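Numbering (UniProt numbering), first residue to last: 1 to 1249. C-beta: ideal position from N, C-alpha, C; glycine also. Quantities reported herein were computed from a predicted structural model and do not represent experimental measurements.
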């Protein structure tokens, strides 16, 4: 009969997997039956009905910085009956403090299990039972599990293994005698050891894999305490259980969320079975013992059933978002989560729903409808569902979206796909085969997007031949393409797929065997950069010969060196490169190695930390040979170990071997926090662009009376090599998180076509309106996991921003004045939450921590350009839509809200005015207010933490001037993610125009600049700056603030800038080693504060004086005119110092200056001296220098060679291009005379040494 029962269940479903599970249950039962016959202990006595009182309490909320909790309870009776070793259980009398509705019916359905020695082995449930109900029953069964075998054997502490709600996990047991036969058993689940743990993690950004200080922000814990009587008919007397989840982001330095599930199971009574619990054995379903994830909406719970209502709700929410752009700076509407709720709703849309929503949103051309459309297009790619991806595919395929919009949707959607599948990949394969009339840029975006989708899909799971099939397709197209642009495209596609074998595939291309195009060779090298870590031996075998081959291009040798360093970041590799570079003739390559070592020596970046330790030792030995700045590796980075976040900025530049100027730039940024990373990379190769622009300018400016053909004829006679005109080759590649999203290529013809279009557009009359909205979601983190009750928990960390620009641009009839009116808004919102779902009431419980930053700046300007008179004027007027009394400025706010009883995010908050000032000089009321802050120190603490972002500690900043400030600004995003540190608090900085409106006007006229502030009754003040050229070639800059005494300023407003003036002598840029630059000299004086005579001594004053440094080598001479000596003296001549004195400065300004410049400004001082070089990059370093004496010559690439002049002219310097424009000839004179003769285009130098 037992066999017939299990076979019946299997035949009803006809599923092989189900049959295997059924046979497993059958085997378990037979072995259990044998154990019972043998007299082993079991949880429930046979033929007994046991009743337990079950109570569960779920509390969710926050502990820090403020205590918030939401909770709900459930009570029931649990009946257990064991017949023929099958235990049937049922919950009855279910009660809760939440409305149960009809949900208690599923929960009260009986379920049947098999225990063996107290360990759960098999579960069957009623056919009408639902997933959420079964999960709660799984949790109850995990609660009942007890490894009796070891307890009966007398073990006091042991580790067992069990399968339950959390997967297959280890369990630690502690057994203590209690009273009589009672034993106290404590069981702690080792959740870190669980195999097949039902946790779902998803992030829009990749995991940060480099070793760092990051600690996971989520910690789970589960324990049970049992009182059991091994000699009693009923073993389990009482169970108490606690299961918790805590969320503490940023190394437990920010807020603290928690969920706590407390359960008790108390024996009520037991007796013989009078009536067996009904159970549909014939139709029952076998169920896994592990928790099953529920399909839930993060806002609304169960998926919405009425799609019509959902579509209407989405349309209404889009309208509300568009209408909310009226927002002014105020303490209301600060923590709006509409955009996140929209994404949650859109997740459930099917393809036909998307089509219907598209028809609704795109119907109409009104301003409001246009705004809705912009917001809609921003949301579509970030929804992350397969249906939204197919919707984008259809839109592109049918050309309902084109150009930039189509490209943006295509490249973004793969990053947000939460559950990419091979089926979706197959359905999107059409993106690889788009044909005209679909635009070329759109087709290219589709190819790159599909490659990214391949990687995100196969990174989770795909068939072995799937990735090989697509890789072959991209590789074949790369190999077979004849157009450079297409080869570049498919090469980046191969890089996006992230093939493990890509180094093998591209080796012929990298070595030059498969192509003679050095551009493709270089791109292929960067495409295999990641294989430096995975296949270091192959990288060594391939790239060391390329580095050693001095006939290779400089860019290839730079790339080879980079990969050799990254592939084996050890001391022997760096030292071997160090000795190799000692004999390297290329100063450009040497400088790249030098700057790489110096950049790494102080790095804090986790990915470079180990190699940085080695570089710090080597940096003491490596010497700078010269200053060829064009090729270098410049790294800035920071790492906050206390909060587990950091980032880096890196610039790689490679100089042209033809011009010496940089023509390859690779700029990279990376930031990591919460265990994930976001990176951007911009690659630009601009070969021949400078020469192309120069040729265009020469055609417009060169004197036609000079016959330049003579130079070409002369150089040809001397058989000097003539360099052919360099063709324009412009490449641009943009990457997000290591995936290429944009590729652009221009050659000579396409570059000139674009130049022509730009010139034409600049002269065309235009008038248009501006309505632009952009939503960005840099971070999406979601973590789903079960609680101890079997109900789901959801942990989310989200950030999003909105940029909006509305207005118009127009011109006057003459086309000279251009009027621009724009209303700019920026909003950023970051949310962290831990919520637990109650399936019986369809509600989420928990708390959300929301931080927001809002900026509004409406302005109207008028631009006037008169080329003939050399006048350019900018005039600011009041925006036509500005409402009198409304404020502009910034609001920064943080709040904790309980869920579902959160406060209304649109509610106003009580403001407390901290500071206000009416400035008639600015025509505005400036103010600062706080609201919701529990104490006066909250904002102070937040500003103190912000100050840490601008301190030099834990920063690698030496390679770039101002590196500390640059890294501080770069890290503000992470700072705002956990600021302010306290509980609810807001800060508002506002700017409100006064009724006595002022109009600022900025005018540039020839060599004069004026900034004037006027009212209707006259000029308030003006700053006038004049620059003039002196006879010695230097320029003099003077500026001064003038107040107009005839315009009356009310006595209530006496704070103003009192004095602002200065004068500087700017050295000529035509200095050389023979004529070092004059020192930069001058002064600046500024004071502000209370302008009344009685408070003159309280005004803040800053006095700056700039002069030559005492070590600038003014008294040194080079009697033999040695070029090297002259160069050294000239470099000393650039040394300057600025002496800064200050009094009565506000404390906050001193603190900020100290944070930005800790080596120069001290909190208790009143003066400082700053050393600097002017010019920072002298002409002989930036452009090259040619200098000679009787024995040596210093070449343009900074190489010193021996020289032997004769009485015949020798070509010293010449333009050897096809459009040669000059030649310099030199010869030795026997008589003591110095003569320079200009016979354009030739220059003859006759010199007596």
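| query | result |
| --- | --- |
| Using 8 Å as the threshold, is the stretch 814-828 in touch with the stretch 80-100, meaning 3 or more CB pairs across them? | no |
| Could you have a look at residue 634 and say whether DSSP puts it in helix, strand or coil? | strand |
| From the DSSP output, which residues share a beta bridge with residue 184? | 176 and 227 |
| Does DSSP classify residue 602 as helix, strand or coil? | coil |
| Can at least three beta-carbon pairs, one atom from the stretch 616-625 and one from the stretch 595-605, be found at a separation below 8 Å? | yes |
| Could you give the DSSP three-state label for residue 269: helix, strand or coil? | strand |
| Hey, quick one: how far does the alpha helix (DSSP H) through residue 319 stretch, first residue to last? | 307-323 |
| Less than 7 Å between the C-beta atoms of residue 52 and residue 267, yes or no? | yes |
| Checking 7 Å against the spacing of the C-beta atoms, do residue 1086 and residue 1064 come in under that value? | no |
| Give me, in chain order, the residues of the same chain whose beta-carbon lies closer than 8 Å to that of residue 49; leave out the 5 immediate sequence neighbours on both sides. | 79, 80, 81, 270, 271, 272, 273 and 274 |
| Could you tell me if residue 153 is buried or exposed, where buried requires 16 or more neighbouring beta carbons within 10 angstroms of its beta carbon? | exposed |
| The beta strand (DSSP E) with residue 445 in it runs from where to where? | Per DSSP, residue 445 belongs to no beta strand (DSSP E); it is in the alpha helix (DSSP H), 440-458. |
| Please state the DSSP three-state secondary structure of residue 576. | helix |
| Quick check on residue 749: buried or exposed, where buried means 16 or more other Cβ atoms within 10 Å of its Cβ? | exposed |
| Among the candidates 821, 887 and 893, whose CA atom is the shortest distance from the CA of residue 849? | 893 |
| Under a Cβ-count criterion, where at least 16 other Cβ atoms within 10 Å of its own Cβ denotes burial, should residue 371 be classed as buried or exposed? | buried |
| Determine the direct distance from the alpha carbon of residue 651 to that of residue 515, and round the result to whole angstroms. | 28 Å |
| Near residue 826, which residues of its chain fall below 6 Å by C-beta distance, leaving aside the five closest residues on each side in sequence? | 803 and 855 |
| When the Cα of residue 121 is compared with those of 1225, 837 and 147, which residue comes out closest? | 147 |
| Would you mind stating whether residue 291 and residue 165 have Cβ atoms separated by less than 7 Å? | yes |
| Along the chain, where does the beta strand (DSSP E) that runs through residue 851 open and close? | 843-866 |
| How big is the Cα-Cα spacing for residue 182 and residue 127? | 39 Å |
| Run through DSSP, which three-state label would residue 429 get? | helix |
| On the DSSP letters alone, give me the boundaries of the beta strand (DSSP E) that residue 1084 sits inside. | 1081-1090 |
| Once DSSP output is grouped into helix, strand and coil, what is the label at residue 1250? | Because the chain spans 1 through 1249 in this model, residue 1250 falls outside it and cannot be assessed. |
| So the beta strand (DSSP E) residue 825 belongs to, where does it begin and stop? | 817-838 |
| Hey, residue 998 and residue 1009: beta-carbon distance below 7 Å or not? | no |
| Between 223, 98, 204 and 286, which has its C-alpha nearest residue 114's C-alpha? | 286 |
| What would DSSP say about residue 774, mapped onto helix, strand or coil? | strand |
| Got a sec, what are the start and stop residues for the alpha helix (DSSP H) residue 152 sits in? | 148-152 |
| Just to check my reading of the structure: residue 789 and residue 261 have Cβ atoms closer than 8 Å, yes? What is that Cβ distance to the nearest angstrom? | 5 Å |
| Indicate the three-state DSSP secondary structure (helix, strand or coil) for residue 581 in the structure shown. | helix |
| Does DSSP classify residue 199 as helix, strand or coil? | coil |
| Residue 532 by DSSP, collapsed to three states: which one? | helix |
| Please list, in chain order, all residues of the same chain as residue 31 whose beta carbon is under 8 Å from its beta carbon, the five residues on each side excluded. | Only weak support exists for where residue 31 lies, its pLDDT of 45 falling under 50; the value from the coordinates is given anyway. If we look at residue 31 and ignore the five residues flanking it on each side, its Cβ neighbours are 116. |
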